[in-house]
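One structure is given below, encoded as structure tokens.
Residue numbers (this note's numbering), protein chains in the order written: chain A, 8 to 408; chain B, 8 to 408; chain C, 8 to 408; chain D, 8 to 408.
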């Protein structure tokens, strides 16, 4: 490996990436640029982050506002596929990684860096997602993953490392839960969750009210969907990020969007986490409800097939692959009819669609009910059934010979 | 078509099948045997049903208790596949039809009948499910579907038809909602539901409490799963039917298992229904939670694929086909590891797994957490990621040439 | 059904559609317009066809040249999916039906017809394909399918019918094999083929030489593929139809593209046919060979999945559905990399790719061989394997406890 | 890692594994047991192999005859799935690895070894297949993969290494092509094949005659299939291995079963190989032909889906996983009907089924042909088509509003 001169680090301002800055400089004798992606993780993580990066030894710190782009170009296309990982997980961390990695690569190319660095651990999925994106977007850049190299294997070691270098750090020694947040979700791992026989406690949830503490009165929210995308909420046209934000606050109040899951990581082990996706859960319900009205039987099944496949690709960090793009194209084509309006009731942890309509609806009161109509004639069914079960009939007749 | 001498009718005791008895005798000049399947639809539908059948002109009425067999041999195997139709529907009506049809065929063969009859309408799925099973099990028997033949197209016409023949009938002229029940679920269609922009009202729900009226205190229930089957609840070993019954009453009290869906019928139209599956919803959660612990990533995805495919086959009345049996075999093989225990919290419409464990669990606190262990070494990840993203890398290098 | 005034008939000039003209006029008291689609079935079927239609009683006859459009807009998109029905059939008849039906509908709308008619029999797939397209494109037009209505059930009856009306007809009484041809393929059914234990004889093949009579000297042909489409052959840029024609004549000479298949028809029965697709077989080989070079493992598998699904949709007459369009979009996205050149050897029934190359090739001599390189390091494999088989390892350790 | 005392090496008698024996003893200071799997690779590779192993320093050499077991328990179950990797490759090497690894593990457990060793290189699939099986069957044993550890990176280095130790070796310095053989197939890689623009030459093929040199007279062979397994050939009942052997010699004579493929290896790179599977190709054709007769449309499609999925699992060394066993169970269930007889013509590289029949055939001359019959009534088709295309119709009517 040739000499590294300049590294762009995906910097969060946390303990790990703060230690990485001096570690890179010492171990690679290089300049370090801190790159911060604002994906909606919240003000408290972003305030003063530039100063912090510089104090840790970065020669510069760039903050990119990716919030609208993330919702519009990563989350909305994913939602059209219906991707839900292992039947539960709305892919909150997964969907943020590709856009962060892409912006980081763009930053690296702009500043003429020769390496990229991230602070993901060696047992997680995020290392794969970052490096998968790096491989697809800038294979010529070297990748440095300190967690797989160094021996600073505890918070104590990291704090000591910073203290020895007089780098200021507000992190505490004790940190029970590990968290990741963006506009779409917040995840919590560690602590009591490490034993699957422990129920989650209050510390395992960050954004959402406990359903048992949520309002006793249900509330409704109306969502307008156009070609598979949420375009207005409660009668107001909204940008993707604003719509998500609005629904996040409604959903959080009612305890919507909590899941507690043991999932298969890409790297072969299982992990357990509590994830909160209040607004996303409402959006997902809205889209699926419009699909109920407009997709025919085979299209609905294929949308589910796409969603299952896409859930793995997105989870596995395959966003920038021809395969993932192919799935997104398939889902987008199906979504051209997914236009309609739904009303969703929020109550103590549940988002329930109670009204739905669409100009593209294939449902028709006239056809579905008892009576006669021009389009569906009872007598058609006899022939249909006969041919539909013909192979069964022939097989049975065979077996009676 | 040769002369029909004896018909076995799937008899429910309702208005439709009551009218079918005299209609068959008059139109086919044949003897009619009423066959009643007890699939847990409830005492109120079964009390006095024999007398009723005979009063309507049946020459005999046989009642078969299929409750345990239905749960054990139809529902449990289906649950192992994870089949949920169009993402929501737990297939309550669909799973009952094959066993009813099979028992009806057995009755017909026993009494030497030459025809089978059902009271399903010409726009629904059940006609296909019955006749699909008939074709596979007794293709030599003639099938009579009065609703596709006669012109008694309203409740009024049916009531008049019975009155003219002095056949007693307690059915009322007005019946807003159409319902179907068995041990697994109850469905409600019609009335306000015919417009998808109407929210369901109280009349749309039969078994379950409105979540907003459900107890303010959450309750937990523990479920023991063995090889993909529920074998004990709250510490008590139970037969499949008993376990389902027990969970039904717990779930109904807490408003668990309501869905309001617009679905694609097999016959090409959409319909809307409100379905309640309180115990089934709890069972499904329990099984899926154990699967989270024991199925690896690719197995979990395949189980989901099987479930998606099986949901269509079961919905479409394909139970007695080699394909459906093949899927059940695949699911049963995967289920051999699905053994464990879960604790589920019931609260105002939601069944939430809060604790889970399994002797076959692939989750390990040791592997998942931060530290070092014998099985997983951080350094493994570097090589993994490199090969995992190698095609992306080569493709990107190509495009830079 | 309201009165039909003007019908547009898909007219082939054969015995069946010749009889349909007077039959329609007599039975529906309507004007009949003959619509002829030139999809490359050959001059002998088209010469004098207008005069023939008028002599049979049509008030007008329109011939539409659809050859280039069929190959470009129906066959090429299908080829990108890799659709092959039941592992063998290159969908020759299936791909022609949607474009014929679409052009027929356009003709009907232009002449102000109120009905569409086709000459497909009641046991075949083509009736479904025509009527599926009609339903999607012009649901307001009435569809007339004489073969499901009339009782002219033999060639003799049809010839008599025409003779009685003094309509000239050159068809012979005896016609052992039933055939369908277009630019892509010719099919043969009936005669000795009706017994699956009979081998096909010389009469079962129309275009291609018997491989045993084909030249003893192999010939090669080179094919240039761009984004999944054949754009040049043997160094010459060619339109899609011309490329197909060129390859048809090369392939036919060498006995390429024969299949003898028992297939599942959509209508529930099986049929047997001998199909010849000489040029198409060569094109398919060329595309698949370029895909070998450019598609990564997961993309290749997904392309196969799409192909399997598309084969059913195309076969089943689902071209004009959102689902089919979604699949085509997915395949087209993957095909963006499918650019390259192949050399194919033709010899006694086999088309074998012997050379292939692509600027997008992910194959690299350097990476694949024994030695060291920058991109692939032997040591990466150890970590990869460890994580790749981690779930197996944990499961096995569990079972040893 | 604790001290290794005894290693069982998968020994082939070739240059690599001959060098591994002294290398293991020197580097691990351990006893080496040579384990030889006879999977039909041929006498020439097995004669004198024990003496050779001992001369290289092994303390013992065990030869296990796995031929019948491999065909019966690994190949036959795979064939029922129809697995073909990337549309071409009949998985010859892949199917042999699990049984070799399993027998090697059994040997290791018997002799009380604490490690397993193989001679696979670090860029190939076989390392993953061996180690995947080891992880599933004996995770407690250490795995040694010399090719990922040592620096003997050329034939010259290996020959020198043996010469320095006075270990006799007949291997030549020059070995252009790398080969692997077992009863099912022989593979050839390297040499001219490394450039995909080079056509294979005569040295690329080992077992089969060049089709152009094959007999000018076609030959036929008849194959009897029972529940998806070949049980007799040319009228003679045969064991699986004998049937394969018989068909190998017939097929090789006629140049059957050659493929030249660029495939995606599991480890992220592509490789090119020439594979010969003469008997296997004939078996595959026979099975697929019987399936044409007995599988209904949806079952056939699912069998193809299973085959596609199984092809990856088998190729990827996933044999001993619950998922692979689930797929095999699904395929075996479908295969219960796959019983019949086929006659296959062998001619200059092609195996063509020309006759086929089955007692379970769903094909019926009576149903498929023009005329009327009891089972299929032309009039059924009208209703079928109407419902089949109903969603298209409603959608089109919507769009006209």
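Note that CB positions come from ideal geometry on N, CA and C, so glycine has one too.
Between residue i and chain C, is any beta-carbon pair separated by less than 8 Å?
i: residue 303 of chain D; result: yes
i: residue 160 of chain B; result: no
i: residue 5 of chain D; result: Any property of residue 5 of chain D remains undetermined from this structure, which presents chain D solely from 8 to 408.
i: residue 212 of chain D; result: no
Nearest to residue i by alpha carbon, out of the options?
i: residue 237 of chain D; options: D:320, D:210, D:342; result: D:342
i: residue 87 of chain C; options: C:111, C:162, C:314; result: C:314
i: residue 119 of chain D; options: D:132, D:148, D:327; result: D:148
i: residue 172 of chain A; options: A:64, A:23, A:95; result: A:64
i: residue 399 of chain A; options: C:365, C:138, C:276; result: C:276
i: residue 232 of chain A; options: A:136, A:366, A:134; result: A:366
i: residue 25 of chain C; options: C:257, C:202, C:162, C:217; result: C:162
i: residue 295 of chain D; options: D:242, D:333, D:362; result: D:362
i: residue 388 of chain B; options: A:154, A:195, A:160; result: A:154
i: residue 414 of chain B; options: B:333, B:117, B:271, B:217; result: The question about residue 414 of chain B has no answer, for chain B in this structure spans 8 to 408.
i: residue 54 of chain A; options: A:109, A:21, A:203, A:76; result: A:21
Does residue i come out as helix, strand or coil in the three-state DSSP assignment?
i: residue 278 of chain B; result: strand
i: residue 227 of chain A; result: strand
i: residue 389 of chain C; result: helix
i: residue 357 of chain C; result: strand
i: residue 124 of chain C; result: strand
i: residue 149 of chain B; result: strand
i: residue 383 of chain A; result: coil
Please check if any C-beta of chain A sits within less than 8 Å of the C-beta of residue i.
i: residue 391 of chain C; result: no
i: residue 382 of chain D; result: yes
i: residue 402 of chain D; result: yes
So, is the C-beta of residue i closer than 8 Å to a C-beta in chain B?
i: residue 312 of chain A; result: yes
i: residue 208 of chain A; result: no
Is residue i close to chain D? Criterion is C-beta to C-beta, closer than 8 Å.
i: residue 320 of chain A; result: no
i: residue 249 of chain A; result: no
i: residue 341 of chain C; result: no
State whether the region 9 to 25 of chain B contacts the region 123 to 130 of chain B, with contact taken as three or more CB pairs (one from each stretch) at a distance under 8 Å.
yes
Do three or more CB pairs link the region 76 to 89 of chain A to the region 245 to 254 of chain A at distances below 8 Å?
yes
Entirely enclosed alpha helix (DSSP H) segments - the region 43 to 71 of chain D, minimum 4 residues:
Runs of the alpha helix (DSSP H) inside the region 43 to 71 of chain D: 50 to 53, 56 to 62.
Does the contact criterion of 3 or more C-beta pairs under 8 Å hold for the region 284 to 300 of chain A versus the region 304 to 320 of chain C?
With a cut-off of 8 Å, the region 304 to 320 of chain C and the region 284 to 300 of chain A do not count as touching, because too few Cβ pairs lie within range.
Three or more C-beta pairs below 8 Å linking the region 46 to 58 of chain D and the region 187 to 206 of chain D:
yes
Decide yes or no for the touch test of the region 332 to 351 of chain A against the region 203 to 216 of chain A: beta carbon pairs closer than 8 Å, at least 3 of them.
no
Check whether the region 314 to 324 of chain A touches the region 283 to 296 of chain C, taking contact to mean three or more Cβ pairs, one atom from each stretch, closer than 8 Å.
no
Minimum length 3: unbroken beta strand (DSSP E) runs contained in the region 192 to 272 of chain B:
193 to 197, 226 to 233, 236 to 240, 265 to 271
Just checking, does the region 251 to 261 of chain C make contact with the region 351 to 358 of chain C on the three C-beta pairs under 8 Å criterion?
yes
Only counting runs of 4 or more residues, tell me where the alpha helix (DSSP H) segments fall wholly within the region 68 to 100 of chain B, in order along the chain.
Entirely contained in the region 68 to 100 of chain B, the alpha helix (DSSP H) runs reaching 4 residues are, in chain order, 83 to 88.
Touch test, the region 60 to 75 of chain A against the region 25 to 37 of chain A, Cβ-Cβ under 8 Å, three pairs minimum
Output reads yes: the region 25 to 37 of chain A touches the region 60 to 75 of chain A.
Three Cβ pairs or more, each shorter than 8 Å: is that satisfied between the region 93 to 109 of chain C and the region 127 to 136 of chain C?
yes
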